[in-house]
Structure formats: C-alpha cells, structure tokens
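K.L.:
131 is the number that the working numbering gives to position 57 of the sequence shown; each next residue is one higher, with no gaps.
For every residue, glycine included, the Cβ atom is placed at its ideal position computed from N, Cα and C.
The structure that follows is given in the form of structure tokens.
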Amino acid sequence: MKITTLRRKIDQIDSKIVSLLGDRAELVVKIGQEKAKANLNVHVPQREEEIVTRLMRQNRGRFPAHAIRPVFREIISACRAVQAPLSLAYLGPEGTFTHLACTRRFGGSAHFVPVHTISDVFAEVEKGNVEYGIVPIENSSEGVVSHTLDMFVDSDLKICGEILLGVSHSLLSKSGDLRKVQKIYSHPHAFAQSRKWLEANLPRVPLFEASSTAAAANLVTKDRTAAAIASELAASLYDLKVISRKIEDTPCNITRFLIIGRSGPASTGHDKTSLMFSIKDRVGALHRILEPFAKHQINLTKVESRPSKTKAWEYIFYLDIEGHLADESVKAALALLEEECLFLKVLGSYPREHSIES
75 MKITTLRRKI
85 DQIDSKIVSL
95 LGDRAELVVK
105 IGQEKAKANL
115 NVHVPQREEE
125 IVTRLMRQNR
135 GRFPAHAIRP
145 VFREIISACR
155 AVQAPLSLAY
165 LGPEGTFTHL
175 ACTRRFGGSA
185 HFVPVHTISD
195 VFAEVEKGNV
205 EYGIVPIENS
215 SEGVVSHTLD
225 MFVDSDLKIC
235 GEILLGVSHS
245 LLSKSGDLRK
255 VQKIYSHPHA
265 FAQSRKWLEA
275 NLPRVPLFEA
285 SSTAAAANLV
295 TKDRTAAAIA
305 SELAASLYDL
315 KVISRKIEDT
325 PCNITRFLII
335 GRSGPASTGH
345 DKTSLMFSIK
355 DRVGALHRIL
365 EPFAKHQINL
375 TKVESRPSKT
385 KAWEYIFYLD
395 IEGHLADESV
405 KAALALLEEE
415 CLFLKVLGSY
425 PREHSIES
C-alpha cells in the first residue's frame, strides 16, 4: 500500500511537470514572435548555456547534477522546435561520431542533414540551407583534421561553438561472433585509435578503409563475414550486434568538433577565439607573433601550421586563444599581431566548452 501511495505522488508530480513544460513552450513561442519582430536570431547558444549552468547551481535535491544538462537539452530542443526545428548539416551518414556530437549538443528535436564531405557541410551553411554545420577538427590521439582547417582559408563562415565528445569504439557485426570475422571496415582514424586491440585480438584479419565509421557499419549489413569499428549508435541504427566495447587504445579518447555558422555569438566571459594568419619570412618571425599575446597576458590553447599551398615552404598558422574578440586585451594583441602578418583572419569567438559529452 505504501508503494502504491508513493507511485501516486510520482504520477501527480509527472503531471505537473508536463503541464509546466506546456507553459514553457507557450512562453518560448511568444519570445520567438518578439524576436521575429525585432529581426533577432532565434537560436542564442549563450542563453542556453546560462540556463543549464544556473539550474545545475540551484540543484539541491537528490536529482543528479550531471543529469541536468541532458534533461534540459531535450526540453530546450523540443521547445525550440515548436517555433521551427534548428537545422544542422553534419558529416554523415547517420551514426557517425559527428552525428552523435550533434544529438548530444542540440537534442533530438533538431533537424539533422547528413552530407558526404566536410566541404559539403560548409556549402550547406553558406547557401543558407541550414543554420549551422558541425565538423570534426581534432582528436586527442590522432591530432588535427587538416581538411577542416584548410576549408577556413576561403570560407567566410564563423566558428560559433565547439563540442568535446568522448569517443568510444565498438566492434560490430551481424552475428556478434568474433570467430566469424574475416575482414574489418572502418575510418582510418578509428583503425589508428584501436591499433593495440586489433593487434592483440585480430592480428591477421585484413583492414579496409571506409569514408566514415557509419559507412563501415552499413557495409557490414551486407556481409556476414565482416565487422566494423563504429559507435554503439551505429549498431542500433544498422541493426548490428556488439562483439566488443571500448576497444580504443586510450581511455581518454576525445574528439573536438566545431559548430560553424554565418555569424558568431556575443561574449559570455568564458570564450575562445580562433585565428589564422601567414607571417613574413624573416629571423624571429614566430617569436614576434607570439609576443603580443604574452604582452597582454592572453593564453594560447592551440598552435597549428599548415602548408599555404600557394608557395613552397610557406605556412599558414592557426591559433586558439582564450578570450573574445570584443575583449580589449584581445583587440590590442591582434592589432600588434597584424603588423607582423601577411594576412590575418579571425575565424570566430565562441564559448569555451568545459564539459565532455560521452
């Protein structure tokens, strides 16, 4: 009888929650109407982060603090979709880690558009077919995704945010039987990140490259002698069985993704700015470009170089720094930096990601 009484109380609370969600959605619609009148962006990422941060800080009960973010991500996503679903292009097909990053950041009510290449992601945003694009930029084990960096040379799109995703690989097949595996498909990065496990468990099995981990999973649906290294999301999407989980060599295997759009967000006070530039070829040139940041006490979080592809041995540098373009210290440092550069391009200022999705 006591359990029945307690369950009845839970039912009453659940009914209140549903009613309050309806009230919240009504207010979101009204805000959307006011934004339309003022010609303002519907999606304000810094506002969403403020909501989650405030609620996590206010949480005093037994509800786990780490669960606040995923719960309210879906609430915010569903309420936003009442106005119009946020549309996002990503490196497909369904089931890639980029797809997983999209759902973890924007929730299940967003409209996801899978495309074939990183170039296609940029193109969809540039044409205005979607609000944002999501592209991989670097992995903690395998380093930078050079094609993504190269795309920024000619694109006017801005980096609007970043997503840090804990990447865990699984070996998938139709049968779920390790003994039946005669070939393995996956993306080259997934093979590299699972090298030790493969050498220990399937040393003689040939490896075949696929355009993505999800494409590898799709190939396996047609071949019962094959396996794929992919995500568990791919297993559910392509009706495959998991042979082995967490086969990556490094337990802290994190991939960073960039959210790209046509304009960047306002300062939040916890931001990062990404730059690209080329420098004059002279003695001490690299020291000269780092000096302005030291002078204004700006922390550099990433330095990367790529061939310019216009002249032999000429390089383009990519920097991530702490701070927003609107900050006076950042403005002053960039003014000094520009004096030493052949060209300088700000790729965007955006909120720093502190939490790692998994």
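1. Whose CA, out of Leu-165, Ile-150 and Phe-171, lies closest to the CA of Pro-159?
2. Go ahead and pull the three-state DSSP assignment for Asn-225.
3. Please state whether DSSP places Lys-315 in a helix, a strand or coil.
4. Going by DSSP in three states, Ala-284 sits in which element: helix, strand or coil?
5. Would the beta-carbon of Leu-393 fall within 8 Å of that of Lys-369?
6. On a Cα-Cα basis, can you pick out the residue from Val-126, Lys-254 and Pro-167 that is closest to Thr-191?
7. Starting from Glu-200, trace the alpha helix (DSSP H) both ways and give me its first and last residue.
8. Report the rounded CA-to-CA distance for Pro-210 versus Glu-216, giving the unit in angstroms.
9. Assess contact between the stretch 128-146 and the stretch 110-118, defined as three or more Cβ pairs (one per stretch) separated by less than 8 Å. Is contact present?
10. Can you find the residues in the same chain that come closer than 6 Å, C-beta to C-beta, to Glu-378, ignoring five residues on each side of it along the sequence?
11. Output needed for Gly-181: all residues of its chain with C-beta closer than 6 Å, excluding positions within five of it in sequence on either side, in chain order.
12. What beta strand (DSSP E) runs, 3 residues minimum, are completely inside the stretch 148-189?
13. Rounded to whole angstroms, what's the CA-CA distance from Phe-226 to Leu-421? Just pull it up for me.
14. Report yes if the C-beta distance between Glu-123 and Thr-295 is below 8 Å; otherwise report no.
15. Using the rule of at least 16 other Cβ atoms within 10 Å of the residue's Cβ for burial, across every protein chain shown, is Gly-202 buried or exposed?
16. Report the three-state DSSP secondary structure of Gly-96 (helix, strand or coil).
17. Identify, in the order they occur along the chain, each residue of the same chain with its Cβ nearer than 7 Å to the Cβ of Leu-231, setting aside the five sequence neighbours on each side.
18. Below 8 Å, how does it come out for the stretch 402-419 and the stretch 358-367: are there three or more Cβ pairs, yes or no?
19. Can you give me the Cβ contacts of Ser-247 inside the same chain, cut-off strictly under 8 Å, excluding the 5 residues immediately before and after it?
20. Let me know if Ala-29 comes out buried or exposed under the rule of 16 or more other beta-carbons within 10 Å of its beta-carbon.
21. Just verifying my parser: in three-state terms, what is the DSSP assignment at Met-130?
22. Rank Leu-281, Glu-427 and Leu-418 by C-alpha distance to the C-alpha of Arg-266 and give the top, closest one.
23. Can Ser-286 and Ile-321 be called in contact, C-beta distance under 8 Å?
24. Report the option in Gly-358, Phe-367 and Arg-380 whose CA atom is closest to the CA atom of Gly-397.
25. How should Thr-222 be labelled, buried or exposed, when 16 other C-beta atoms within 10 angstroms of its C-beta is the threshold for buried?
26. What first and last residue would you give for the alpha helix (DSSP H) that runs through Leu-364?
P.N.:
This is what the structure gives:
1. Ile-150
2. Looking at the sequence provided, one finds Met at residue 225 rather than Asn. Looking at Met-225 - three-state DSSP - the assignment turns out to be helix.
3. Here Lys-315 sits in strand by DSSP.
4. coil
5. No; because the gap between Cβ atoms is not below 8 Å, this pair is not in contact.
6. Pro-167
7. Start and end: 192-200.
8. 12 Å
9. These segments do not touch.
10. Val-218 and Tyr-392
11. Arg-147, Glu-148 and Ser-151
12. 161-165 and 185-189
13. 7 Å
14. No, these two residues do not count as a Cβ contact at 8 Å.
15. exposed
16. helix
17. Phe-196, Val-199, Glu-200, Ile-334, Gly-335 and Arg-336
18. With contact defined as three or more Cβ pairs closer than 8 Å, the stretch 402-419 and the stretch 358-367 are in contact.
19. Lys-254, Val-255, Val-294, Arg-298, Ala-300, Ala-301, Ala-302, Leu-314, Lys-315 and Ile-317
20. Residue coverage of the chain in this structure runs from 75 to 432, which leaves residue 29 outside it and unanswerable.
21. Here Met-130 carries a helix assignment [DSSP, helix/strand/coil].
22. Reading off the sequence shown, one finds Ala at residue 266, where the question assumed Arg. Closest by alpha carbon: Leu-281.
23. no
24. Phe-367
25. buried
26. 359-369
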